[in-house]
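**Student:** Structure below; questions to follow.
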Amino acid sequence: MNVLLDHLDLFRDGFLGTLALTGASALISLVLGILIAGCRVSPVPPLRAFGTAWVTLLRNTPLTLLFLVAFFVVPQVLFPGINSFVLAICALGVYTSSFICEAIRSGIGTVALGQAEAARSIGMTFMQSLRIVVLPQATRAVLPPLSSLLIALTKNSAIAGGFNNVDLFNIQKTLSNDGFNILVIFFWITLAYLIITFAISGIFRLLERRLEVAR
Amino acid sequence: MSASVLYDAPGPKARARNVVYTVFGSLLVLGILAVIVWRLDSQGQFNPKMWDIFNYSGIRQNILDGLLATLKVFALAGLFSLLFSVVLAVGRLSDHKPVSWLCTGFIEVFRSVPLLITIFALWIGILDNLWSDVFHLPGSISVNPMWALVLGLTIYNACVQAEVLRAGVNSVPKGQAEAAYALGMRKTQVMTTILLPQAIRAMLPSIISQLVVTLKDTSLGYIILFPELLQTARLISSNTTIDGDYPYVPTIIVIGAIYIALCLALSSLANWIERRGRRGKTGITPAKAEEPAEEATV
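Next up, the structure:
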């Protein structure tokens with residue numbers, strides 16, 4: 053208990069750091085994921101090929117390797133001196149985007165073909181059928197996998213702590229270097245991660261219940 | 025392209041528009057790639073001297089050693105996690121409540137902790153703390169980086185694989201177990217000869233996909249300074265200078281290609297098994313060749 057109370061500011065910084073990393077990279081991965089999913093289902097062959105290549109490559113790349121690319125290659129391509137937080141959320145966001153893209157694509161796949169055909173035959177325009185018929189149904193199917201992807205993202209954000217970012221892993225490292233009992237540290241860090249992942253799954257369960265309809 | 029929910033089969037006008045999009049789309053993708061290559065080239069990363077390092081036998085040996093270390097950790101962790109997952113899954117499905125609670129608790133806790141946190145704690149010596157401070161046993165346990173990595177990977181992946189196996193056992197039709205009990209088989213016999221074989225067969229694609237995750241996660245050894253493939257890449261790049269520059273980009277490209285090739289090979293095996301299983305007429309539908317979803321449920 054003493055370790056937690058004496059270093060409450062460290063734990064707070066780590067907790068907020070993990071939250072910031074997760075939140076920012078979740079945003080990037082959602083935007084990228086939707087864009088790439090758009091590419092993968094588009095009628096334009098080169099964009100489809102690009103989407104497929106993106107997903108296949110990133111799903112088979114270790115996240116730590118992406119971090120290495122972000123920290124050693126990206127500064128060479130763009131400009132040197134980007135801060136480590138931006139690089140870390142880029143690596144996390146790009147990695148997770150490939151999984152989110154697949155979740156969205158399979159969500160669109162769950163909407164029955166007849167739904168869109170019925171929408172068109174009663175005279176809806178493309179935008180109307182997408183907005184009123186296809187997307188609401190796809191969203192419901194996408195939510196559960198999205199929740200588990202965000203939980204995975206939270207856990208993956210620990211790697212950023214190994215690359216000069218302040219987060220819970222970084223705090224674990226600092227405190228154990230200071231010679232505190234690793235059992236106690238491990239306990240509190242675990243608890244902190246459990247709080248975050250429970251919050252995520254709670255929010256998503258709430259959303260699912262909100263959007264639920266009888267089918 | 026077959027019919028899609030999102031758009032109709034294209035008519036002549038839409039086809040013409042698609043051709044325009046195709047041209048612009050390809051130009052955009054190629055343009056981005058060209059900018060990346062041009063920037064790297066202007067930094068001198070495609071200088072032949074930079075790539076010449078891979079002709080040295082010493083560096084080739086380093087890469088080979090790193091690859092072998094990665095594969096060794098993967099083989100050990102994969103094997104141990106599969107064995108341990110059977111124990112955990114059977115424990116969680118057990119009729120003895122305390123055993124079931126214990127296994128459920130273990131699975132839920134270690135599935136929710138980031139793998140890196142577990143590996144780091146093992147590396148720092150959490151086992152030794154448990155051994156001497158909590159249980160007050162004589163002697164001490166020291167864990168070197170390799171075993172910290174193997175143990176961490178084993179614990180985490182066994183928890184995930186156990187959930188996969190449990191889903192597999194639950195997916196076996198109820199009549200199978202009932203028929204076995206009616207024949208007079210004992211609980212152990214039903215589990216080992218009827219349920220588990222069918223569960224493993226149905227879940228093989230998912231199990232192999234999780235093995236791909238295990239392979240990818242061996243790269244966490246980088247952070248605890250275990251000289252596996254990724255750490256080797258860093259060591260090579262930081263110990264070699266070419267005209268005062270470190271060859272990070274060439275080594276990362278080469279090592280990255282090795283990783284992607286390994287993982288692609290393993291995940292295409294999972295996809296092949298899934299397709300092959302769907303053709304079969306055994307009535308067992310194979311699981312999707314996807315990584316098992318993660319959920320926080322205690």
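Protein chains in written order, with my numbering: chain H, 53 to 267; chain X, 25 to 322.
Every residue gets a Cβ at the ideal spot worked out from N, C-alpha and C, and that includes glycine.
In this text the structure is predicted, and so the values were computed from the model without any measurement.
#1: When burial is assigned at 16 or more other CB atoms within 10 Å of the CB, is residue 77(H) buried or exposed?
#2: Give me the Cβ distance between residue 112(H) and residue 291(X), rounded to the nearest whole Å; I'm assuming they're in contact under 8 Å.
#3: For residue 151(X), collect the residues of the same chain with a Cβ closer than 7 Å to its Cβ; drop the 5 residues on either side in sequence, then sort them by chain order.
#4: What residues of chain C sit near residue 180(H), judged by a beta carbon separation below 8 Å?
#5: What's the gap between the Cα of residue 115(H) and the Cα of residue 246(X)?
#6: Find the residues of chain X that neighbour residue 234(H), judging by a C-beta separation of less than 7 Å, and give them in chain order.
#7: Can you tell me whether DSSP reads residue 269(X) as helix, strand or coil?
#8: Touch check for the region 238-253 of chain H and the region 137-150 of chain X: three-plus C-beta pairs under 8 Å?
#9: Among residues of its own chain, excluding the 5 on either side of residue 211(H), which ones have a beta-carbon nearer than 7 Å to its beta-carbon?
#10: Helix or strand or just coil, what does DSSP make of residue 219(X)?
#11: Here's a check: name, in chain order, each residue in its chain whose Cβ is nearer than 7 Å to the Cβ of residue 154(H), leaving out the five neighbours to either side.
#12: Where do the N-terminal and C-terminal ends of the alpha helix (DSSP H) with residue 216(H) fall, by residue?
#13: For the structure I just gave you, are there three or more beta carbon pairs, one from the region 292-304 of chain X and one from the region 223-242 of chain X, closer than 8 Å?
#14: Below 8 Å on the Cβ atoms is my guess for residue 218(X) versus residue 204(X); work out the distance and round it to an integer in Å.
#15: Does DSSP put residue 250(X) in a helix, in a strand, or in coil?
#16: When the Cα atoms are used, what is the spatial distance from residue 250(H) to residue 66(X)?
#17: According to DSSP, is residue 130(H) part of a helix, a strand, or is it coil?
#18: Compare the C-alpha of residue 388(X) against each of 110(H), 87(H) and 99(H) and name the closest.
#19: Just to confirm, is the Cβ distance from residue 261(X) to residue 165(H) under 9 Å?
#20: Short of 9 Å Cβ to Cβ, which residues in the region 56-86 of chain H face chain X?
#21: To the nearest whole angstrom, what separates the beta carbons of residue 183(X) and residue 112(X), a pair I think is in contact under 8 Å?
#22: Determine the closest residue to residue 250(X) out of 37(X), 89(X) and 83(X), with distance taken between C-alpha atoms.
#23: What are the start and end residues of the alpha helix (DSSP H) that includes residue 83(X)?
#24: Would you say residue 242(H) reaches chain X, if we count a Cβ-Cβ gap shorter than 9 Å as a contact?
#25: Figure out for me which residue from 240(X), 255(X), 103(X) and 84(X) has the closest Cα to the Cα of residue 178(X).
#26: Give the DSSP-derived three-state secondary structure of residue 34(X) in the structure shown.
#27: Listed in chain order, which residues of the region 221-233 of chain H have Cβ atoms closer than 8 Å to some Cβ of chain X?
#28: Apart from the five residues on each side of it in sequence, which residues of its chain come closer than 7 Å, Cβ to Cβ, to residue 67(H)?
#29: Quick check on the burial criterion: 16 or more other C-beta atoms within 10 angstroms. Buried or exposed for residue 56(X)?
#30: Could you please tell me which residues of the region 37-63 of chain X, in chain order, have their CB closer than 7 Å to any CB of chain H?
**Tutor:** Here's the rundown:
#1: buried
#2: 6 Å
#3: 165 and 167
#4: Structure shown: chain C not included; protein chains present are H and X.
#5: 11 Å
#6: 145, 148, 149, 150 and 153
#7: strand
#8: yes
#9: 115, 116 and 119
#10: helix
#11: 107
#12: That residue, residue 216(H), is in no alpha helix (DSSP H); it is neither H nor E in DSSP.
#13: yes
#14: 5 Å
#15: coil
#16: 48 Å
#17: coil
#18: Any question about residue 388(X) goes unanswered here, given that chain X covers just 25 to 322.
#19: no
#20: none
#21: 7 Å
#22: 89(X)
#23: 81-116
#24: yes
#25: 103(X)
#26: coil
#27: 221, 224, 225, 228 and 233
#28: 220 and 244
#29: exposed
#30: 42, 45, 46, 49, 50, 53, 60 and 63
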